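The structure appears right after this line, and notes come after that.
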Amino acid sequence: MQKPVKAPVLAASALGAIAAGAAAVLCDTAPYPYALRRLLDIPLPLLTPRRLDVLLQPRPGEQVLEIGPGTGLQALHVAPQLGADGRLDVVDVQQEMLDHVMARATTRSLRNIAPHRVDATALPFADGQFDAAYLVTVLGEIPARLAALTELRRVLRPGGRLVIGEFADRHHVPLGTLVRLANDAGLHLVRRTGVPLAYYAMFTPCTQPEHLR
Ligand SMILES: C[S@@+](CC[C@H](N)C(=O)[O-])C[C@H]1O[C@@H](n2cnc3c(N)ncnc32)[C@H](O)[C@@H]1O
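Going by the numbering used here, 10 is the number at position 9 of the sequence shown; the sequence numbering is gapless.
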């Protein structure tokens, strides 16, 4: 017979998980800890998946990219809108997050999500492959933000849409900073919604040749 796990052992494990989570949160370069995943299921004010639709406008048959899906709050909302002919590629540095999204997708019989464990700064996709891309409360966690935006610009088709959601957490990227970085990456601001501390901003690739920008 298996021995029951003692209460002090359980308490020690729980404390360990909380300590690991807290340490990751306090360390600026760490990605959001999987141990705190439950918090990701709570939509942030003004950054709801429905408000993301207003700018992203996902359509059936489109190929869309998400960076940093976490537990899938946005992915599980966007993927059904792409239909069986469309596809949502989700990219995350943490395998646990990708596994979590895929498990939830299976429960909902969603078959058009493809996970990739890679860094946003080195995307394994062809130039101009995507109709649209988005990332919500992710950019601030990426140390090389310009490199990530440059990669996103590269994989978007001409006229493609990039929506970035930012919230007033410790990784917050102010809109002005984001617009400057995006311009350097060859993207220009088309529209935004929300307020300075909780906004969605939509960009599209610049059409001007690089040497004239
Ligand atoms: C705060 S969570 C946001 C999750 C989800 N977008 C949401 O709003 O609920 C940030 C996510 O970005 C991922 N991430 C952090 N740095 C990354 C990077 N360099 N490349 C890809 N994903 C990254 C983390 O692993 C985590 O899943």
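Every residue gets a Cβ at the ideal spot worked out from N, C-alpha and C, and that includes glycine.
Just so it is clear, the structure is predicted and the values come from calculations on it, not from any experiment.
Give the range of the beta strand (DSSP E) segment to which residue i is assigned.
{"i": "L190", "result": "L188 to V196"}
{"i": "L89", "result": "R88 to D93"}
{"i": "D132", "result": "F131 to V137"}
{"i": "H101", "result": "Here H101 belongs to no beta strand (DSSP E); instead the alpha helix (DSSP H) covers Q96 to T108."}
{"i": "V65", "result": "Q64 to I68"}
{"i": "R118", "result": "I114 to R118"}
{"i": "F204", "result": "A199 to P206"}
With the cut-off set at 8 Å, would you say residue i and residue j are in Cβ contact?
{"i": "L163", "j": "A121", "result": "no"}
{"i": "P159", "j": "G187", "result": "no"}
{"i": "G1", "j": "P61", "result": "The question about residue 1 has no answer, for the chain in this structure spans 2 to 214."}
{"i": "L157", "j": "P206", "result": "yes"}
{"i": "L77", "j": "D42", "result": "no"}
{"i": "A202", "j": "L179", "result": "yes"}
{"i": "L56", "j": "R192", "result": "yes"}
{"i": "M98", "j": "I114", "result": "no"}
{"i": "A199", "j": "L37", "result": "no"}
{"i": "P44", "j": "P50", "result": "yes"}
{"i": "A106", "j": "A80", "result": "yes"}
{"i": "L53", "j": "G166", "result": "yes"}
Residue i lies in the alpha helix (DSSP H); which residues open and close that run?
{"i": "P81", "result": "A76 to L83"}
{"i": "A183", "result": "L176 to D185"}
{"i": "R155", "result": "R146 to V156"}
{"i": "P50", "result": "P50 to L57"}
Would residue i be called buried (16 or more neighbouring beta carbons within 10 Å of its own) or exposed?
{"i": "Q96", "result": "exposed"}
{"i": "L40", "result": "exposed"}
{"i": "P125", "result": "exposed"}
{"i": "V1", "result": "In the structure displayed, the chain extends from 2 to 214; residue 1 sits before or after that span and is not available."}
{"i": "A24", "result": "With a pLDDT of only 48 at A24, under 50, the local geometry of the prediction cannot be trusted, and no value is derived from it."}
{"i": "V65", "result": "buried"}
{"i": "V196", "result": "exposed"}
{"i": "A123", "result": "exposed"}
{"i": "F204", "result": "buried"}
{"i": "T215", "result": "There is simply no residue 215 to check, as the chain begins at 2 and stops at 214 in what is shown."}
{"i": "P144", "result": "exposed"}
My assumption, with CB atoms under 8 Å, is that residue i sits in contact with residue j. Please give the rounded CB distance.
{"i": "D100", "j": "H117", "result": "Incorrect: roughly 13 Å between the Cβ atoms, too far for contact."}
{"i": "D132", "j": "E63", "result": "4 Å"}
{"i": "V119", "j": "P32", "result": "About 13 Å; that fails the 8 Å criterion."}
{"i": "E142", "j": "H172", "result": "5 Å"}
Of all Cβ atoms in chain B, is any one closer than 8 Å to the Cβ of residue i?
{"i": "P34", "result": "Included in the structure is just one protein chain, with no chain B present."}
- Pick out every residue whose C-beta is nearer than 6 Å to a heavy atom of ligand 1: which are they, in chain order? P32, Y33, L41, I68, G69, P70, G71, L74, Q75, V92, D93, V94, Q95, M98, D120, A121, V137, T138, V139, E142 and I143
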